[in-house]
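S.K.: Here it is: the structure, laid out below.
Residue numbers (our numbering): 586 to 824.
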């Protein structure tokens, strides 16, 4: 499919015609299709921006919609809504999978690679939309696509390592964990990421994974054990 057709399809999905078409071209480009090019030629930078924007918008909506929920319940609900499985499911429902530009090294890697790409591209599209259209139009897209999945029941489910660590550190130390990517290795179609988590500036956990979020989750699990919130080998519940 030609790039201009991909761009037109995304514009229809998000309900906005981009002044800067380049933003959507980049948002749809998997790193495997930009090997040897500048970092700005794939969706990774827009994904970083979109991740923060989605989190802030969802947090605002939940705060206003559920005044009876405490901090822990809001955190669980937010983490569930912005989790990889949820974002990849929503992106798949929107038909984004057919529009992603993959390099040859990524083609044929199976469902796991597609799930990760769907999650990342949802966030990169949000980042691109925010830069081109501003807050209100982007917020409307996030509410339209994630809103139908909002349910208080999600807050009752077992929580992810990242959510559990955030609850514990905010409750006892009044600070939120901070995650940093320390290394990336391997080919574009099968990368390995290494992340650390810091609490109040001190490194408390380290982890590896096939995506940035998997590495952060592993780092959170490591921190939970090291800080005594779970017993060694027990592991936290995962939503």
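The C-beta atom is built at its ideal place from N, Cα and C for all residues, glycine as well. If you're wondering where the values come from, they're calculated on a predicted model, not measured in any experiment.
Please state whether DSSP places residue 696 in a helix, a strand or coil.
M.R.: Since pLDDT at residue 696 reaches only 49, below the 50 mark, its modelled position is unreliable, and the value read off the structure follows with that caveat. Reduced to three states, the DSSP call for residue 696 is helix.
S.K.: Alpha carbon to alpha carbon, how far is residue 687 from residue 605? Give it in angstroms, no decimals.
M.R.: Take the alpha-carbon of residue 605 and the one of residue 687: they are about 22 angstroms apart.
S.K.: Please classify residue 601 as buried or exposed, where buried requires at least 16 neighbouring CB atoms within 10 angstroms.
M.R.: So residue 601 ends up on the buried side.
S.K.: Tell me which residues share the same chain as residue 684 and place their Cβ nearer than 7 angstroms to its Cβ, disregarding the 5 neighbours each side in the sequence.
M.R.: 591, 594, 595 and 613
S.K.: When the Cβ atoms of the segment 779–789 are set against those of the segment 654–665, are three or more pairs found closer than 8 angstroms?
M.R.: no
S.K.: For residue 708 versus residue 639, is the C-beta spacing smaller than 9 angstroms?
M.R.: yes
S.K.: Do the CB positions of residue 682 and residue 704 come within less than 9 angstroms of each other?
M.R.: no
S.K.: Indicate whether residue 642 and residue 724 have their beta-carbon atoms separated by less than 9 angstroms.
M.R.: yes
S.K.: With 16 as the cutoff for other CB atoms within 10 Å, does residue 801 come out buried or exposed?
M.R.: buried
S.K.: Tell me which same chain residues have a C-beta within less than 8 angstroms of the C-beta of residue 651, skipping the five on either side of it?
M.R.: Excluding positions up to five away in sequence, the list reads 658, 659, 662 and 737.
S.K.: Could you check whether the segment 769–784 touches the segment 792–807, counting it as contact only if at least three pairs of C-beta atoms, one from each stretch, sit closer than 8 angstroms?
M.R.: The segment 769–784 makes contact with the segment 792–807; the number of CB pairs closer than 8 angstroms reaches 3 or more.
S.K.: Look at the alpha carbon of residue 768 and the alpha carbon of residue 718, and state the distance between them as a whole number of angstroms.
M.R.: About 33 angstroms.
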